[in-house]
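*Asks:* Below you will find the structure I want to go over with you.
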Amino acid sequence: MDRRELADFLRSRRERITPAEVGLPAGTRRRTPGLRREEAAQLAFISTEYYTRLEQARGPRPSREVLAGLARALRLTDVERAHLHHLAGAPPGPAAAGPPREVRQSILDLLDRLPQAAATVMSATGEVIAWNDLAAALMEDFSALPRRDRNLVRRAFLGPPTDGRLYGVSDVEHFGRASAQRLRTVAARYPDDPEVRELVAELLAGSEDFRRLWESHDVLDEPTLCKTFQHPLVGPVTVNCDVLDIADRDQRVVIYTATPGSPSEQALRLLSVIGTQRMDVTG
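Under the numbering used here, the first residue of the sequence shown carries the number 102, and numbering increases by one thereafter.
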């Protein structure tokens with residue numbers, strides 16, 4: 102690992118990106134070009150402290166997951182991505198044995214171009230790996246969660262037994278059944294992936310409902326066309342659900358839209374303004 106070259110490369114790539122390119126306000130008090138360190142860290146889903154240590158040539162060797170996040174945040178080309186891996190002492194190799202978690206930049210751009218729709222990208226195992234602002238307002242600020250808590254299958258079966266387990270959705274039983282069936286196919290597709298095996302083992306040990314569904318060996322995955330979220334601020338929000346498969350990444354884009362002119366459309370418009378702030382808390 103070449104810490105000094107890695108630090109210089111990260112800094113040079115960060116300074117060439119304008120805030121507008123990643124949907125951030127430019128502000129008037131920027132002393133350096135490009136993104137701030139904390140902004141690059143947020144986009145890469147790592148802590149500011151960790152990112153700062155990398156740019157100061159004193160950080161530990163980044164994992165492949167961190168490198169993927171940095172490449173995505175800094176909008177690296179394929180050549181630059183490979184160079185980043187070599188500098189970090191982790192030359193790019195063959196595809197991992199498990200479900201891909203890196204989201205293509207064009208898909209991330211697509212999420213940002215859907216201001217009136219809540220949209221997420223789901224990994225094969227049910228983890229939310231990308232989202233737009235409206236999805237965070239409707240469901241949760243996923244950036245504030247540790248990675249394991251972004252897995253909606255784990256949340257559906259092992260979360261607290263309240264309506265808030267899955268954002269008060271109206272189809273929680275269907276979601277759980279479809280998730281178990283989908284995970285069956287994923288486990289067969291990635292038999293050597295430790296994360297898939299650990300997730301299945303955790304669910305089998307912690308949920309009788311999941312164990313019953315798993316033992317049925319069903320793999321049928323029927324789509325959900327409509328669901329209702331019980332939002333704590335704006336009340337029920339009924340949305341249409343459309344799923345776009347990203348076949349080469351084994352990922353899905355889930356898009357939630359409300360019927361034009363409906364109360365739910367007005368609720369989504371309000372959420373786009375509210376964002377993830379808590380209007381029920383004063384202080």
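Positions of the beta carbon are idealized from the N, C-alpha and C atoms, including for glycine. Since the model is a prediction, treat every value here as computed from it, not as a measurement.
Would L372 and L239 be called neighbours here (beta carbons separated by less than 7 angstroms)?
*Replies:* The answer is yes: Cβ separation under 7 angstroms.
*Asks:* If you count every other CB in all the chains shown that lies within 10 Å of the CB of L304, and 16 or more means buried, which is it?
*Replies:* Buried, because 16 or more other Cβ atoms sit within 10 Å of the Cβ of L304.
*Asks:* What residues in its chain sit with their C-beta under 8 angstroms from that of I356, if we drop five residues either side in the sequence?
*Replies:* For I356, where only same-chain residues beyond five positions count, the Cβ hits under 8 angstroms are L215, A218, A219, A220, C342, D343, V344 and L345.
*Asks:* Just to confirm, are G277 and Q331 a CB contact at a threshold of 7 angstroms?
*Replies:* Contact flag unset, no.
*Asks:* Candidates P292, H318 and R138: which alpha carbon is nearest A281's?
*Replies:* Closest option to A281, Cα to Cα, is H318.
*Asks:* Hey, out of L168, A306 and S224, whose CA is closest to P192's CA?
*Replies:* Minimum Cα distance to P192 is reached at L168.
*Asks:* Throw me the rounded Cβ distance for the E166 and R202 pair, which I believe falls under 8 angstroms.
*Replies:* With a Cβ gap of about 7 angstroms, E166 and R202 count as contacting.
*Asks:* Quick one: what's G336 bridged to in DSSP?
*Replies:* Answer is H332.
*Asks:* Indicate the three-state DSSP secondary structure (helix, strand or coil) for I118 in the structure shown.
*Replies:* In the structure shown, I118 sits in coil (DSSP, three-state: anything other than H, G, I, E or B).
*Asks:* Using the C-alpha atoms, what's the distance from P292 back to E299?
*Replies:* So the two alpha carbons sit approximately 11 angstroms from each other.
*Asks:* Just curious, the alpha helix (DSSP H) that T286 is in, first and last residue?
*Replies:* Taken as a continuous stretch (DSSP letters only), the alpha helix (DSSP H) holding T286 covers V273 to R290.
*Asks:* Would you decide whether R249 is buried or exposed? Buried here means 16 or more other CB atoms lie within 10 Å of its CB.
*Replies:* So R249 ends up on the exposed side.
*Asks:* Between which two residues does the beta strand (DSSP E) carrying R353 extend?
*Replies:* Run containing R353: Q352 to T358, per the beta strand (DSSP E) assignment.
*Asks:* Between A183, A231 and E316, which has its C-alpha nearest Q143's C-alpha?
*Replies:* With distances taken between Cα atoms, Q143 lies closest to A231.
*Asks:* Report the rounded CA-to-CA distance for S224 versus N252, giving the unit in angstroms.
*Replies:* If I take the Cα positions, the gap works out to 9 angstroms.
*Asks:* What did DSSP end up calling T226 once you bin it into helix, strand or coil?
*Replies:* T226: coil per DSSP, three-state reduction.
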